[in-house]
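> The structure follows.
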Amino acid sequence: MTDPNATLAHHVDIADLAAHDKTYLDANELVINMGPQHPATHGVLRVILRLDGEKVLGLECVIGYLHRGVEKIGEHRTYTMFNPYVDRMDYVAAVSNGLGYCETVEKLLNVEAPPRAQHVRVILTELNRIASHQLWLGTHALDIGAITPLFYTFRDREEILKIYEKYCGARLTTHAFRIGGLQYETYTGFEKEVKNFLNFFRPKIDEYEELLTTNRIWVERTKNVGAISAEDCIALGVTGPVLRASGVKWDLRKAQPYANYKNFDFDIPIGENGDTYDRYLVRMAEMRQSVRIIEQAVDALPEGPIMAKVPKVMKPPAGEVYHSIEAPKGELGYFIVSDGSTQPYRVRVRPPSFVNLQALDLMCRGELVADVIAVIGTLDIVLGEVDR
Amino acid sequence: MHAIIDYISSYLTSDKTPGAAGNMFWVLVYIMLVFAGLSVAVIAMNWLERKILAHMQVRLGPMRVGPHGLLQPIADAIKLLLKEDIMPAEADGFVFWMAPLIVVLAAFTVFVVVPFGPTHAITDMNIGILFMLGVSSLSVLGIVMAGWASNSHYPLMGALRSSAQMVSYEIAMGLAVVSVILVTSLHGSGLYGVGGAGAGDGTLSMIGIVRAQQEQGVWFIFKFFPLGLIAFFIFAVSMVAETNRAPFDLAEAESELTAGFHTEYSGFRWSLFFLAEYSAMIAVSSIAVTLWLGGWLRPFPNLLNGDTWDQAFSFIPGITFLFFAAICFYNAVRMPKHPLFRVQTIGLFGFGVVLGLIGLALFVPAVSIRVQDIFWFAAKVSGFMYVYIWFRGTFPRYRFDQLMQLGWKVLLPMGLGVLILTAIFGLWPSIQQLIQRLI
Amino acid sequence: MTPVATPFFFYLFAAIMLIGGILVITRKNPVHSALALIVALLAQASIYLMLYAPFVAGVQIILYAGGIMVLFLFVIMLVSIERSMKERQFNSQWVAGTVAAVALGGLFIAVYAKAEKIFPHHAIRITPDELLNTQGVASMLYGQYMFAFEIASLLLLVAIIGAVVMAKKRI
Chain A
254 MTDPNATLAH HVDIADLAAH DKTYLDANEL VINMGPQHPA THGVLRVILR LDGEKVLGLE
314 CVIGYLHRGV EKIGEHRTYT MFNPYVDRMD YVAAVSNGLG YCETVEKLLN VEAPPRAQHV
374 RVILTELNRI ASHQLWLGTH ALDIGAITPL FYTFRDREEI LKIYEKYCGA RLTTHAFRIG
434 GLQYETYTGF EKEVKNFLNF FRPKIDEYEE LLTTNRIWVE RTKNVGAISA EDCIALGVTG
494 PVLRASGVKW DLRKAQPYAN YKNFDFDIPI GENGDTYDRY LVRMAEMRQS VRIIEQAVDA
554 LPEGPIMAKV PKVMKPPAGE VYHSIEAPKG ELGYFIVSDG STQPYRVRVR PPSFVNLQAL
614 DLMCRGELVA DVIAVIGTLD IVLGEVDR
Chain B
58 MHAIIDYISS YLTSDKTPGA AGNMFWVLVY IMLVFAGLSV AVIAMNWLER KILAHMQVRL
118 GPMRVGPHGL LQPIADAIKL LLKEDIMPAE ADGFVFWMAP LIVVLAAFTV FVVVPFGPTH
178 AITDMNIGIL FMLGVSSLSV LGIVMAGWAS NSHYPLMGAL RSSAQMVSYE IAMGLAVVSV
238 ILVTSLHGSG LYGVGGAGAG DGTLSMIGIV RAQQEQGVWF IFKFFPLGLI AFFIFAVSMV
298 AETNRAPFDL AEAESELTAG FHTEYSGFRW SLFFLAEYSA MIAVSSIAVT LWLGGWLRPF
358 PNLLNGDTWD QAFSFIPGIT FLFFAAICFY NAVRMPKHPL FRVQTIGLFG FGVVLGLIGL
418 ALFVPAVSIR VQDIFWFAAK VSGFMYVYIW FRGTFPRYRF DQLMQLGWKV LLPMGLGVLI
478 LTAIFGLWPS IQQLIQRLI
Chain C
89 MTPVATPFFF YLFAAIMLIG GILVITRKNP VHSALALIVA LLAQASIYLM LYAPFVAGVQ
149 IILYAGGIMV LFLFVIMLVS IERSMKERQF NSQWVAGTVA AVALGGLFIA VYAKAEKIFP
209 HHAIRITPDE LLNTQGVASM LYGQYMFAFE IASLLLLVAI IGAVVMAKKR I
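From first to last, the protein sequence lines stand for chains A, B and C. Here my numbering is used: the first residue of the first sequence is 254, the next is one more, and so on. Here my numbering is used: the first residue of the second sequence is 58, the next is one more, and so on. Here my numbering is used: the first residue of the third sequence is 89, the next is one more, and so on.
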């Protein structure tokens, strides 16, 4: 203790103590950094939590760890060349991304895909919806602590991926569609295999539900957790199953029919309370509805060409277009500005995960840390899509 | 020399546990046997958990190291021993170092009083059950120390959670145990038997509790049906919570707290936590078996009594081992006929031969009489172990407040109710007299 | 059970207890102090065992080492260690401290010297049979000292209610 400054600092600190004593007991606000390397943030999401004990006072999402500049890349590629890139955004539902992009460019070019292509598109996208929901179910349940559903869903998702693999050679980032139609003609036995899958999959949904729907712990963990009202959903622009679970009957497949969804008969499942349990039920019901749609589409699969007439070198007229589809996670929109050249002037994607993620703070306030995990799971975000 | 041999052999005719007989040689032998047996059980449990869980989840589990992955736990143990042992720079070194030791010590020490048979226990303390609960409650200290010493948020939160959880469930657990201790003081036989000669002389000794069940001719899970069953249920729920296992594994909830209190541990220290967790599971299961399921007693002692049935039941241990051996042989035959699999096939065959020999040895009356108690005890405990794995495969995880609610608002009142009702049932003749006198 | 090397173990446990006690007051880190206290309490439980009081020893381990100390640690862990490390360890009331220590020492010596008179031999009922210790404690508590026992439990109940009232803003 020869250094006089050290002693001084020591004294000051003790004086500080008395001043702090009053707030000492209340000052138990804990700031925890969850992610970007955390097993339950579904990739590289970073959440900064402000906690009072275990209660969440607020949180902040830090995103961008998976940013690859997909939109910027679009400005330097031709319309055709950019097509595979969109698959890498929501890699869990690559087919939906492709469908959205292709339809948007088709709208810009003013062409329409032939009926057979439309049907196959519906089949593949709905299969993709099932696959995406399966992945969501598995990981969501895993986050809440049920490890078994993950293996069940992955076993069944494999069957869908096999169909994709047979159709286009890829399992995840499929690049299944081309602007104006399909990449490939369906393989022999495609219809039969899809039907086999449907028959195989129908009892499997019951199997998942048996494990979870009436499971006391599951219900306690999800009911009234992360509830969000319909008004808040609309104000935040939240779409997809999250919006529908809050009781809003809004599904782009019905509201602004694209592809040829208007020819198929299906229901839009909605929830009441907008809590995690309702979102779970809505997604489970959506899988059943997808099975219905695929069944109708396979039965009515017309013969004919799979490609519309599109020029080899695409030079859409100058102008801008916005088109959106109902991706498994919500409204997936593409806004493309064309300057009449072979490359888009600007591509802007409206990814459902990114918009839905905004609701996380609102949904988690006042809940416990364990609920944050459940809510992140129930939002069904894919960071590839959030960060692009 | 003779004196030593006399000292050693004098115990063989005793009908007490080595500790009670005061024979230090046999105490040491038993300690080593229990320690070795426990380590083997933990290793076997490791393999079984992975295999059973895998089969529940439509996968195969370990298949590469040894036939059907039989050597996987050993490979894992070697890996853990060779791994670098990392200590965070900001950790409190001494406490960080002590924590796993305390947890392991607490988990192993309780086995001093576990009765594997009427004489097969290291010692018989007259406060046996109290000792078990007390020492196993010390393991929470190790967990708290580990969480704090790591000097990191997630371990601290894990430690806070698990200490709160363990302290609260100990109460419900204790109440369930007390109702059994009350019942041991009754000496009447049968489901609703009360009073009897020497009534009012209860016991806390683990062996005494099993003997009381033998005397009353009923496992305490059925005593005062359904009170015994409810008490057992309370204990069964709390014991899962006490050992931090699914669905109460909040302390190590990987999706929330990465790994809870042992996040910062690696290598050998981590494996100590692992060892402690599994031996604690075996320990609490042993308590449940001793208190409610008749400890080392064979099933159906009343329904199927008589020498013939005794004889028949003494064959079951041998038959079980022969059955396992048969499974090994069957799978050895089914192994792919490829030179690569030759070693594995021979290994599995050899394992089957070992199991078969053990099975045959168990048919020798002299062996089977001494060992069948241990077999029944182990069989009941392994039933509990299976249920542990089953839970893990089925249930999601409770949230912390729900867990506390279950402990304090459901199990605790239930335990109190069972305790009071058990006391009323036990004192029924006296209460009846009292009522008659009043009227 | 025959007692094994009683004086040796007595001095061993007594030494552990004393060292633990000294560490409790000299350690700056409160968590270390709490751990030292646990060691002292465990050594005390061992001494109870040597006094043929296994029940008391068991209760000592469950309640103090397993229950109360965990709650202690629970609270201490949430306290900022850096802050407490900087605080001064002892207050400087040497005079009062010395007087208290001397008085306590005098009391001990007096008790030691006049033990026979203060505790007449017939009043101390040692049951050397440890098998009856649990029953002995029970019949003492529920027989002779029933009133005191119930008063103590009432006091604890009041304490619990008080804690709830203080901790909870709205009941």
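Backbone N, C-alpha and C fix where the C-beta goes; we use that ideal spot for every residue, glycine too. Computed from a predicted structure; not experimentally measured.
1. If you count every other CB in all the chains shown that lies within 10 Å of the CB of C/Ile126, and 16 or more means buried, which is it?
2. From the beta carbon of B/Pro453, is the nearest beta carbon of chain A less than 9 angstroms away?
3. Under 7 angstroms between beta-carbons, which chain A residues line up against B/Gln459? List them in chain order, please.
4. For C/Lys256, count the other beta carbons within 10 Å of its own beta carbon; 16 or more makes it buried, fewer makes it exposed. Which is it?
5. Counting only C-beta atoms, is C/Ala153 closer than 9 angstroms to chain B at any point?
6. Mapping the DSSP letters down to three states, classify A/Ser591 as helix, strand or coil.
7. Name the chain C residues whose beta carbon is nearer than 8 angstroms to that of B/Trp205?
8. Going by DSSP in three states, A/Arg532 sits in which element: helix, strand or coil?
9. Taking Cβ positions, are B/Phe378 and B/Leu412 nearer each other than 9 angstroms?
10. With DSSP as the reference, label A/Arg303 as helix, strand or coil.
11. Is A/Ala512 near A/Glu313, with beta carbons less than 9 angstroms apart?
12. Which residues share a DSSP beta bridge with A/Phe430?
13. Which same chain residues, not among the five before or five after B/Gln489, have their C-beta less than 7 angstroms away from its C-beta?
14. Please name the residue, chosen from C/Thr114, C/His120, C/Val119 and C/Met138, that lies closest to C/Ala102 on a Cα-to-Cα basis.
15. Compare the C-beta of A/Gly398 against all C-beta atoms of chain B and say whether one is closer than 9 angstroms.
16. From the DSSP output, which residues share a beta bridge with A/Ile285?
17. Would A/Thr426 and A/Tyr344 be called neighbours here (beta carbons separated by less than 9 angstroms)?
18. Quick one: what does DSSP say A/Ile521 is sitting in, helix, strand or coil?
19. Name, in chain order, the residues that DSSP records as bridge partners for A/Tyr576.
20. When the Cα of B/Phe168 is compared with those of B/Phe151, B/Ser96, B/Asp142 and B/His125, which residue comes out closest?
21. Taking 9 angstroms as the CB-CB limit, is B/Gly464 close to chain A?
22. Using only CA atoms, which one of A/Ile376, A/Gly593, A/Gly637 and A/Thr631 lies nearest to A/Gln387?
23. Does the Cβ-Cβ distance between A/Val300 and A/Val315 come in under 9 angstroms?
24. Taking the straight line between their C-alpha atoms, what separation do you get for A/Val358 and A/Ile589?
25. Report, in whole angstroms, the separation of the C-beta atoms of B/Ile200 and B/Ala178, which I expect to be a contact under 8 angstroms.
26. Where do the N-terminal and C-terminal ends of the alpha helix (DSSP H) with B/Gly76 fall, by residue?
27. Buried or exposed: where does A/Trp389 fall if 16 or more other Cβ atoms within 10 Å of its Cβ makes it buried?
28. At 8 angstroms on the CB atoms, spell out the chain A contacts of B/Gly450, in chain order.
29. Using alpha carbons as the reference points, say which of A/Gln596, A/Leu621 and A/Leu298 lies closest to A/Met334.
30. Ignore the nearest five residues each way along the sequence and tell me which others in B/Ser220's own chain have a CB closer than 7 angstroms to its CB.
31. Is there a Cβ of chain B sitting closer than 9 angstroms to that of C/Ala240, yes or no?
32. B/Val341 by DSSP, collapsed to three states: which one?
33. Quick one: what does DSSP say C/Tyr140 is sitting in, helix, strand or coil?
34. Measure the C-alpha to C-alpha separation of A/Arg474 and A/Gly391 and round it to an integer number of angstroms.
35. Would you call the region 380-392 of chain B and the region 133-146 of chain B in contact, with 3 or more CB pairs under 8 angstroms?
36. Which whole runs of the alpha helix (DSSP H) in the region 108-167 of chain B are 4 residues long or more, in chain order?
Considering the structure as presented:
1. So C/Ile126 counts as buried.
2. Yes - at least one Cβ of chain A is within 9 angstroms of the one on B/Pro453.
3. Listed along the chain, the chain A residues whose CB falls inside 7 angstroms of the CB of B/Gln459 are Glu473.
4. That one is exposed.
5. At a cut-off of 9 angstroms, the C-beta of C/Ala153 has a neighbouring C-beta in chain B.
6. Secondary structure at A/Ser591: strand, using DSSP grouped into helix, strand and coil.
7. Residues of chain C passing the Cβ test: Val119, Leu161 and Met165.
8. A/Arg532 falls in the helix class under three-state DSSP.
9. Contact: yes.
10. If DSSP states are grouped into helix, strand and coil, A/Arg303 belongs with the strands.
11. It is not a contact, given that the beta carbons lie outside the stated cut-off.
12. Answer is A/Leu435.
13. Only residues of its own chain outside the window of five on either side were considered, and among them none has a CB closer than 7 angstroms to the CB of B/Gln489.
14. Checking every option, the nearest Cα to that of C/Ala102 belongs to C/Met138.
15. Chain B, which has a Cβ nearer than 9 angstroms to the Cβ of A/Gly398, makes this yes.
16. Looking at the DSSP assignment, A/Ile285 forms a beta bridge with A/Leu302.
17. Annotated as proximal: A/Thr426 and A/Tyr344, with beta-carbon spacing under 9 angstroms.
18. When DSSP states are grouped into helix, strand and coil, A/Ile521 belongs to the coil group.
19. For the sequence presented, residue 576 of chain A should be read as His rather than Tyr. Beta-bridge pairing links A/His576 to A/Tyr587.
20. Of the residues B/Phe151, B/Ser96, B/Asp142 and B/His125, the one whose Cα lies closest to the Cα of B/Phe168 is B/Ser96.
21. So, not an interface residue.
22. Nearest to A/Gln387 by alpha-carbon distance, out of A/Ile376, A/Gly593, A/Gly637 and A/Thr631, is A/Thr631.
23. Yes, these two residues count as a Cβ contact at 9 angstroms.
24. When rounded, the distance between both Cα atoms is 8 angstroms.
25. Contact flag wrong, Cβ pair sits at about 27 angstroms.
26. According to the DSSP assignment, B/Gly76 belongs to the alpha helix (DSSP H) that extends over Pro75 to Ala78.
27. Counting C-beta atoms within 10 angstroms of its own C-beta, A/Trp389 has 16 or more neighbours from the protein chains shown and is therefore classed as buried.
28. Contact of B/Gly450 with chain A by beta-carbon distance below 8 angstroms involves Ile400 and Thr401.
29. From the listed residues A/Gln596, A/Leu621 and A/Leu298, the smallest Cα separation to A/Met334 is found for A/Gln596.
30. Cβ within range, chain order: Val197, Ile200 and Val201.
31. Chain B, which has no Cβ nearer than 9 angstroms to the Cβ of C/Ala240, makes this no.
32. Per DSSP, reduced to three states, the secondary structure at B/Val341 is helical.
33. For C/Tyr140, the secondary structure class from DSSP, reduced to helix, strand or coil, is coil.
34. About 16 angstroms.
35. Touching, no, given that fewer than three Cβ pairs across the two stretches are closer than 8 angstroms.
36. For the region 108-167 of chain B, whole alpha helix (DSSP H) runs of length 4 or above, ordered along the chain, are 129-139 and 150-166.
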